[in-house]
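What follows is a set of notes on a single structure, which appears directly below.
There are 2 protein chains.
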Amino acid sequence: MRLDIYLTPGEVVPGEIAERTVVVLDILRATTTITHALNNGARAIYPVSSIEEALRLANTFGRDEVLLCGERKCLPIEGFDLGNSPHEFTRERVAGKILVMTTTNGTAALSMTGGAARVVVGSMLNMGAVVAELVRSGGDPVILCSGRDRHFAVEDAVAAGAMATRLMEERPGNWVLNDAALAAVALAREFGSNTATFRNSESGRALLATGHESDLDFCAKTDTLNVLPVLHERNITLSQVPAS
Amino acid sequence: MRLDIYLTPGEVVPGEIAERTVVVLDILRATTTITHALNNGARAIYPVSSIEEALRLANTFGRDEVLLCGERKCLPIEGFDLGNSPHEFTRERVAGKILVMTTTNGTAALSMTGGAARVVVGSMLNMGAVVAELVRSGGDPVILCSGRDRHFAVEDAVAAGAMATRLMEERPGNWVLNDAALAAVALAREFGSNTATFRNSESGRALLATGHESDLDFCAKTDTLNVLPVLHERNITLSQVPAS
Chain D
2 MRLDIYLTPG
12 EVVPGEIAER
22 TVVVLDILRA
32 TTTITHALNN
42 GARAIYPVSS
52 IEEALRLANT
62 FGRDEVLLCG
72 ERKCLPIEGF
82 DLGNSPHEFT
92 RERVAGKILV
102 MTTTNGTAAL
112 SMTGGAARVV
122 VGSMLNMGAV
132 VAELVRSGGD
142 PVILCSGRDR
152 HFAVEDAVAA
162 GAMATRLMEE
172 RPGNWVLNDA
182 ALAAVALARE
192 FGSNTATFRN
202 SESGRALLAT
212 GHESDLDFCA
222 KTDTLNVLPV
232 LHERNITLSQ
242 VPAS
Chain P
2 MRLDIYLTPG
12 EVVPGEIAER
22 TVVVLDILRA
32 TTTITHALNN
42 GARAIYPVSS
52 IEEALRLANT
62 FGRDEVLLCG
72 ERKCLPIEGF
82 DLGNSPHEFT
92 RERVAGKILV
102 MTTTNGTAAL
112 SMTGGAARVV
122 VGSMLNMGAV
132 VAELVRSGGD
142 PVILCSGRDR
152 HFAVEDAVAA
162 GAMATRLMEE
172 RPGNWVLNDA
182 ALAAVALARE
192 FGSNTATFRN
202 SESGRALLAT
212 GHESDLDFCA
222 KTDTLNVLPV
232 LHERNITLSQ
242 VPAS
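Chains as they are written, first to last, in the working numbering: chain D, 2 to 245; chain P, 2 to 245.
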């Protein structure tokens, strides 16, 4: 059994993830927000890489059923309905809606998952559900960290390490880890996936500087949502969580 | 004072390293071998990315003054004079010679350093000399890990973390670290830059599998050589080490 972690999307060599289950993490904040929005009743989320593509895609849906969401440099995009702060994605705003979302890092990572058997969206919020899915599906899972502007992001690495640690506890066996997985497990032990770690990270400092302090606490909450967002074709919807 | 570490060459955004001192690490084995070869009297080392380029460049020198060196997948290249194992680069073989070297990862990282004020080649062997140079030169240094086939390599990260830790001790101040530097310092604390860490790494396992066990011990030796290899134009030579 192999467990491979990629600390940045640029490390992904396409053949390596073929036919494997890939978990995509962008803890601050895209995959956290996606998990939260789907739990609050959003029908589907379309991650796209550019503002132009978001506008074009949104026009193919009815104006009443779609919300334009996303950020650039932590800030909302002019003319869009929602930013990328999970606090904005309340049940009142998103229930029954299709969300077209463009974020700097998370959507870039999701676009690297072509050829995977299954693409799961992970966060601290739904870590237990993601680990349960990796136990259920077996095989050689991959955890892909979105990072920050092509760079390593410590909060994604510690979350990946925490996820890997739980997976190895819940599906014990003779695991072979790549170097990034070895490192991520050690970083999870050193730092912990908590608000203090998030505040010290580059993404955390950028969020603090743009007035998003409460997002840091939100994104560090663990196991609050038993949902499993899955990317299929071009959009993310909730998959049935197997009964535990 | 900023200290930025890049865990893989793919993370380098050119503008970010402009006018800064960049230390390149490929602990297993290219930068270790380069350091050792120059200490053994090699006149200059030309890192190149392809076998064809190595052959073309070697032809511009006299046949007696040049050695072709390098590896692919840890193994020597047919028709080349030397591989990439430091044990081959004895004083008898390399003194007075120009070395044209192509390796999988180290030369790729060196090629990403355009625009830097100064490019230093680091290893465990000459860590003290590298740190002394970073103290002397001041500014906001960068440590660039070569990694392994585009991926994160744990031995490079722990060496970078050990180097960062010593730099902050020897040049105390209000350091701002990027996420990768925060992580590398923690990994150096967790793992230590020793033979056991190297054996468990992917590069170490590949070296063990190809019969290069003694290279692991060699590459883990710390502070054995007080030399400072510097890349200038297209080749690496020894710079004067300032008196300490």
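Every residue, glycine too, gets a C-beta built ideally from N, C-alpha and C.
Keep in mind that this is a model prediction, so the values were computed, not measured.
Checking contacts by CB at 9 Å: is D:N195 closer than that to chain P?
To locate residue 195 of chain D, count along the first sequence from 1; it is residue 194. For D:N195, the nearest beta carbon of chain P is not closer than 9 Å to its own beta carbon.
Alpha helix (DSSP H) segment containing D:E191, residue limits:
Taking the first sequence and counting its residues from 1, one reaches residue 191 of chain D at position 190. Where D:E191 is concerned, the enclosing alpha helix (DSSP H) stretches over D180 to F192.
Cβ separation of D:S112 and D:S50, assumed to be a contact under 8 Å, to the nearest whole Å:
In the first sequence, counting from the first residue as 1, residue 112 of chain D sits at position 111. In the first sequence, counting from the first residue as 1, residue 50 of chain D sits at position 49. Indeed, because the Cβ distance is near 6 Å, the residues count as touching under 8 Å.
What's the call for D:S245, buried or exposed, on a 16-neighbour Cβ count within 10 Å?
One-based indexing of the first sequence puts residue 245 of chain D at position 244. Note that D:S245 has pLDDT 49, beneath the 50 cutoff, so the model's placement of it is unreliable and no number is given.
Can you tell me where the beta strand (DSSP E) with D:H233 in it begins and where it stops?
Walking along the first sequence from the start, residue 233 of chain D turns up at place 232. Looking at the DSSP string, the run of the beta strand (DSSP E) that includes D:H233 is L229 to H233.
Selection of the region 156-169 of chain P by Cβ proximity to chain D, strictly under 7 Å:
Under the 7 Å Cβ criterion, the region 156-169 of chain P contributes A158.
By the three-class DSSP mapping on this structure, what secondary structure does P:H213 have?
Residue numbering aside, residue 213 of chain P sits at position 212 when the second sequence is read from its first letter. Residue state, collapsed to three classes: coil.
Closest by CA to D:T22, which one among D:N179, D:L56, D:G140 and D:A197?
As a first step, residue 22 of chain D is located in the first sequence; it is residue number 21 there, counting from the start. Per the Cα distances, D:G140.
For P:N1, report the span of its beta strand (DSSP E) as first-last.
Here chain P comprises residues numbered 2 to 245, so residue 1 of chain P is not present and cannot be evaluated.
Does the beta-carbon of P:S215 have 16 or more other beta-carbons within 10 angstroms, so that it is buried, or is it exposed?
In the second sequence, residue 215 of chain P corresponds to position 214, counting from 1. Looking at its Cβ environment, which holds fewer than 16 other Cβ atoms inside 10 Å, P:S215 is exposed.
Take every Cβ of the region 185-203 of chain D, pair it with every Cβ of the region 212-232 of chain P, and state whether three or more of those distances are shorter than 8 Å.
Taking a cut-off of 8 Å on C-beta distances, the region 185-203 of chain D does not touch the region 212-232 of chain P, as fewer than three cross pairs fall below it.
Near P:L168, which residues of its chain fall below 8 Å by C-beta distance, leaving aside the five closest residues on each side in sequence?
Working through the second sequence from its first residue, we reach residue 168 of chain P at position 167. Contacts found: L4, V132, L135, V136 and P142.
Is it true that the region 173-182 of chain P meets the region 33-51 of chain P, where meeting means three or more beta-carbon pairs spaced less than 8 Å apart?
Here the region 173-182 of chain P does not lie against the region 33-51 of chain P, with fewer than 3 beta-carbon pairs under 8 Å apart.
The region 6-22 of chain D: which residues have C-beta closer than 7 Å to a C-beta of chain P, in chain order?
For the region 6-22 of chain D, the set of positions with a beta-carbon nearer than 7 Å to some beta-carbon of chain P reads L8, T9, G11, E12 and V14 in chain order.
Considering D:N107, what are the terminal residues of the alpha helix (DSSP H) in which it resides?
Counting from one through the first sequence, the residue named residue 107 of chain D turns up at place 106. Correcting the residue identity first, residue 107 of chain D is Gly in this sequence and not Asn. G107 to L111 is the extent of the alpha helix (DSSP H) around D:G107.
Can you find a C-beta in chain D that's less than 9 Å from the C-beta of P:E191?
Translated into the one-based positions of the second sequence, residue 191 of chain P becomes position 190. Judged by the 9 Å Cβ criterion, P:E191 is in contact with chain D.
List, in chain order, every chain P residue whose beta-carbon is nearer than 9 Å to that of D:F153.
Counting from one through the first sequence, the residue named residue 153 of chain D turns up at place 152. The answer, in chain order, is I6, Y7, L8, T9, E12, F153, N179, D180, A181 and A184.
Can you give me the Cβ contacts of P:V67 inside the same chain, cut-off strictly under 7 Å, excluding the 5 residues immediately before and after it?
Against the second sequence, residue 67 of chain P aligns to sequence position 66. Correct list, in chain order: A59, K98, I99 and V101.
What residues in the region 201-221 of chain D bring their beta carbon closer than 9 Å to a beta carbon of chain P?
Cβ contacts with chain P: N201, S202, E203 and S204.
Answer yes or no: the CB of P:E234 versus the heavy atoms of the ligand ATP, is any distance below 8 Å?
You won't find the ligand ATP in this model; it holds no ligand whatsoever.
Start-to-end residues for the alpha helix (DSSP H) that takes in P:A154
Here residue 154 of chain P refers to the residue found at position 153 when the second sequence is read from its first residue. No residue range can be given for P:A154, since it is assigned to no alpha helix (DSSP H) and is classified by DSSP as neither H nor E.
Quick one: is D:P173 buried, meaning 16 or more other Cβ sit within 10 Å of its Cβ, or exposed?
Residue 173 of chain D sits at position 172 when you count from the first residue of the first sequence. Counting C-beta atoms within 10 angstroms of its own C-beta, D:P173 has fewer than 16 neighbours from the protein chains shown and is therefore classed as exposed.
Neighbourhood of P:V186 by C-beta, 6 Å cutoff - its chain only, sequence neighbours within 5 removed:
By one-based count along the second sequence, residue 186 of chain P stands at place 185. Excluding residues within five positions, the ones whose Cβ falls inside 6 Å are G162, A165 and T166.
From the DSSP secondary-structure annotation, give me the bridge partner or partners of P:V49.
Numbered from 1 along the second sequence, position 48 holds the residue referred to as residue 49 of chain P. Paired residues: none, contrary to the question.
Identify every run of the alpha helix (DSSP H) within the region 6-38 of chain D, keeping only runs that are complete inside it and at least 4 residues long; order them along the chain.
Complete alpha helix (DSSP H) runs here, min 4: 15-18.
Cβ-based burial, P:N227 [other Cβ within 10 Å; buried from 16]
Locating residue 227 of chain P in the second sequence gives position 226, counting from the first residue. Only exposed fits P:N227, as fewer than 16 other CB atoms lie within 10 angstroms of its CB.
Taking contact to mean at least 3 C-beta pairs separated by less than 8 Å, is the region 112-131 of chain D in contact with the region 74-83 of chain D?
In short, these stretches do not touch, since the Cβ pair count stays below three.
Would you say D:R94 lies against chain P (beta-carbon separation less than 9 Å)?
Your numbering for residue 94 of chain D matches position 93 in the first sequence. No, D:R94 does not count as interfacial toward chain P.
Chain-ordered neighbours of P:A187 on chain D, where CB pairs are closer than 8 Å
Stepping through the second sequence from its first residue, residue 187 of chain P is reached at position 186. Within chain D, the residues near P:A187 are A187, L188, E191 and F192.
Just to confirm, are P:A31 and P:G123 a CB contact at a threshold of 9 Å?
As a working note, residue 31 of chain P is residue 30 in the second sequence. As a working note, residue 123 of chain P is residue 122 in the second sequence. In this structure, P:G123 does not lie closer than 9 Å to P:A31 by Cβ.
Coil, strand or helix - D:P77 by DSSP
For the purposes of this step, residue 77 of chain D is identified with residue 76 of the first sequence, where counting begins at 1. Strand.
Buried versus exposed call for P:V14 [16 or more other C-beta atoms within 10 Å across all chains shown]
On the second sequence, position 13 is the one that residue 14 of chain P refers to. P:V14 should be labelled exposed.
If you check the beta carbons only, do P:P48 and P:G148 fall under 9 Å apart?
Here the question's residue 48 of chain P lines up with position 47 in the second sequence. Here the question's residue 148 of chain P lines up with position 147 in the second sequence. Cβ distance not < 9 Å, so P:P48 and P:G148 don't count as in contact.
With a 10 Å radius around its C-beta and 16 neighbouring C-beta atoms as the bar for buried, classify D:G80 as buried or exposed.
On the first sequence, position 79 is the one that residue 80 of chain D refers to. By the neighbour-count criterion, in which a residue is buried when 16 or more other Cβ atoms sit within 10 angstroms of its Cβ, D:G80 is exposed.
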